[in-house]
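When we follow the numbering used here, the leftmost residue of the sequence shown carries the number 4, and every step to the right adds one. Just so you know, even glycine gets a beta-carbon here, dropped at the ideal spot from N, CA and C.
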Amino acid sequence: FGVVFAGGCSDRPPAPASSAPAVEGAVEPVVAVAFTEGPTVDAEGNVFFTEIRSQRILKFTPGAGLTTFRENSNAANGLVFDSQWRLIAAEGDARRVTRTDLETGEIEVLAADSPETPIERPNDVTFDSKGRIYFTDYAGNRVYRIDPDGGVHRILGPDEVDVPNGIVISPDDRTLYHVEANQKEGGSRCIKAYDLAADGTVSNARIFHDFYPGRSADGLAVDSAGNLYAAAGLNRPRGTSETLDTEAGVHVFSPAGEKIAFYPIWEDTVTNLAFGGDDLRTLYVTAGKTLFRIRVATPGTRR
């Protein structure tokens, strides 16, 4: 296994791995492997992300390069660090969500498939200011909440969601967003928004943005102003009913749903994103085999 400092196109030089992006809005490839997903950034600025094909969690350190954090990840997809800098992972093949202590390496199972809480394929994870974790079950058409006391609660079920994918919560804890990403003809391809109550329940479901007939979003992130960032779109057809109507890249929406910015990504498929850097103004994006970074104007959040 070797690190390749290259992007998706040969005529686009990679950014120097030792420095932060210098130009606001520039999209720069950082490192390439295979099928990248689920980026999240730790307290030291290291970027953890998943590599689906080889079932690894990788760690990119600016200025030092790429290492393997964990082998045999059980097809982990979405990742996020909680407020205590423990790594939360949605492990698709194992049908579970885990929490890893970076100091001890101990892996704790937070939620697992059972008759009481059927989980078919957890996909992405986020958390709120009370330490509650929320995750999507892509194959099971469910959204769950894990409380600090260990309780696991289904907050949305198969009659309410259609292939849920990325998930994030607004900085004020008042809105929960998740993606619906059904590739079939007529399937839902949108971002949904819900009112999030103080007890962690949701209500007032509504379509925040509809991508149909193009490819839907995958991962989501939110900045400190409440703007929503969605990794979405395709550069070329991939044999599904999805069209090229959704441009491939990062789509940025205001809390009111207005599209306010777009950062094109030239590699398929754009999967997920997370904020990092000392000022939380470096947006890391996974797409295809590549980890990209974009310098943005508004500081992000770690959700």
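Check: Under three-state DSSP, which class holds T272?; Outcome: coil
Check: Output needed for R73: all residues of its chain with C-beta closer than 6 Å, excluding positions within five of it in sequence on either side, in chain order.; Outcome: I60
Check: Between the alpha carbons of T71 and V36, how many angstroms are there, rounded?; Outcome: 11 Å
Check: Compare the C-alpha of E119 against each of D127, Y147 and S206 and name the closest.; Outcome: Y147
Check: Within 10 angstroms of its Cβ, does K262 collect 16 or more other Cβ (buried), or is it exposed?; Outcome: exposed
Check: With distance defined between alpha-carbon atoms, name the residue in Q58, A184, G203 and T53 nearest to K195.; Outcome: A184
Check: Could you tell me the distance, in whole angstroms, from the CA atom of G154 to the CA atom of G28?; Outcome: 41 Å
Check: Confirm, please, whether the CB-CB distance from E111 to R98 is below 8 Å.; Outcome: no
Check: Counting C-beta neighbours from all protein chains within 10 Å, is the total for F265 16 or more, i.e. buried, or is it exposed?; Outcome: exposed
Check: Looking only at its own chain, which residues have a Cβ that is under 6 Å from the Cβ of S132, when we skip the five neighbours before and after it?; Outcome: D176
Check: Which of helix, strand or coil does DSSP assign to Y197?; Outcome: strand
Check: According to DSSP, is Y215 helix, strand or coil?; Outcome: coil
Check: Using the rule of at least 16 other Cβ atoms within 10 Å of the residue's Cβ for burial, across every protein chain shown, is I210 buried or exposed?; Outcome: exposed
Check: Give the DSSP-derived three-state secondary structure of N230 in the structure shown.; Outcome: coil
Check: One question on the structure: do D127 and A93 come within less than 8 Å of each other, judged by their Cβ atoms?; Outcome: yes
Check: Please state whether the Cβ-Cβ distance between N49 and F63 is less than 8 Å.; Outcome: yes
Check: Closest to R56 by C-alpha separation, out of Y197, D221, P125 and S76, would be which residue?; Outcome: S76
Check: Is the Cβ-Cβ distance between T139 and P167 less than 8 Å?; Outcome: yes
Check: Comparing alpha-carbon positions, which option in G134, A78, V34 and E40 lies nearest G68?; Outcome: V34
Check: Indicate the three-state DSSP secondary structure (helix, strand or coil) for A277 in the structure shown.; Outcome: strand
Check: Measure how close the beta-carbons of A142 and R124 come, nearest whole angstrom, since I'm counting them as under 8 Å.; Outcome: 4 Å
Check: Could you check which residue in R284, N144, A251 and L283 has the C-alpha nearest to that of D162?; Outcome: N144
Check: Assign R272 to buried or exposed, taking buried as 16 or more other Cβ atoms, counted over all protein chains shown, within 10 Å of its Cβ.; Outcome: The sequence given here places Thr at residue 272; Arg does not occur at that position. Buried.
Check: What number of angstroms, rounded off, separates the C-alpha of E47 from the C-alpha of E40?; Outcome: 20 Å
Check: Note down, in chain order, each residue of its chain lying with its Cβ closer than 7 Å to the Cβ of A277, except the 5 sequence neighbours on either side.; Outcome: P42, T43, V44, A224 and Y287
Check: Mind checking which residues open and close the beta strand (DSSP E) that includes K62?; Outcome: R59 to T64
Check: Between the beta-carbon of L82 and the beta-carbon of T53, is there less than 8 Å?; Outcome: yes
Check: Cα-Cα, which of K292, L159, V164 and G134 is closest to P151?; Outcome: G134
Check: Buried or exposed for V333, going by 16 or more other Cβ atoms inside 10 Å?; Outcome: This structure does not reach residue 333, given that the chain is present from 4 up to 306, and the question cannot be answered.
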